[in-house]
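Numbering (the numbering used here), first residue to last: 17 to 111.
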C-alpha cells in the first residue's frame, strides 16, 4: 500500500483519527484552495504501475467523491498554481 511521505513543501499536518488502523498522519501543502500530499509506492506496487500504467484512488467517504487530481510533482504544480501559490521544489539527486 502506498505510504504518505513528508516533503519539503509541506506546510500542514493532518493527524490520523485516534485509534484508527491503517491510517497515518498526512503531510500536505495547502494554499487555501488546494491540498497536496505526496505518496511513495513499494517496489511491487511500482512494478505493477509501470506494467499497467494505472493508479487507483480511494477516498474514504463512501457517499461522494470530492474533486481530486493524481499526478507527478511537475504536473501537480502546474495545476495548483492556477489556484494560488505552489511549494518550493526540493533539490534532489537520484543517483
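C-beta atoms are modelled at their ideal positions from N, C-alpha and C, and glycine is treated no differently.
Exercise. On the three-state DSSP scale, how would you describe residue 32?
Worked result: Here DSSP, grouped into helix, strand and coil, assigns residue 32 to coil.
*Could you give the DSSP three-state label for residue 51: helix, strand or coil?*
It is a strand residue.
Neighbourhood of residue 33 by C-beta, 6 Å cutoff - its chain only, sequence neighbours within 5 removed: Nothing listed; no residue qualifies.
request  = Decide yes or no for the touch test of the segment 85-101 against the segment 48-56: beta carbon pairs closer than 8 Å, at least 3 of them.
outcome  = Counting Cβ pairs under 8 Å, three or more are found: they touch.
For residue 17, does the count of other Cβ atoms within 10 angstroms reach 16, so buried, or fall short, so exposed?
Counting Cβ neighbours within 10 Å, residue 17 comes out exposed, since fewer than 16 surround it.
Residue from 30, 59 and 46 with nearest C-alpha to residue 39
Residue 30 is the option with its Cα nearest to residue 39.
Q. When burial is assigned at 16 or more other CB atoms within 10 Å of the CB, is residue 21 buried or exposed?
A. It counts as exposed.
### Query
In chain order, what residues of the same chain lie with their CB nearer than 8 Å to the CB of residue 111, ignoring the 5 residues before and after it?
Caution applies to residue 111, whose pLDDT of 47 falls short of 50 and renders its modelled position unreliable; the value that the coordinates give is listed next. Close CB contacts of residue 111 within its chain, under the 8 Å cut and outside five residues either way in sequence, are absent.
> Going straight from the alpha carbon of residue 36 to that of residue 56, what length do you get?
Replying inline: Near 21 Å, if we compare the C-alpha coordinates of residue 56 and residue 36.
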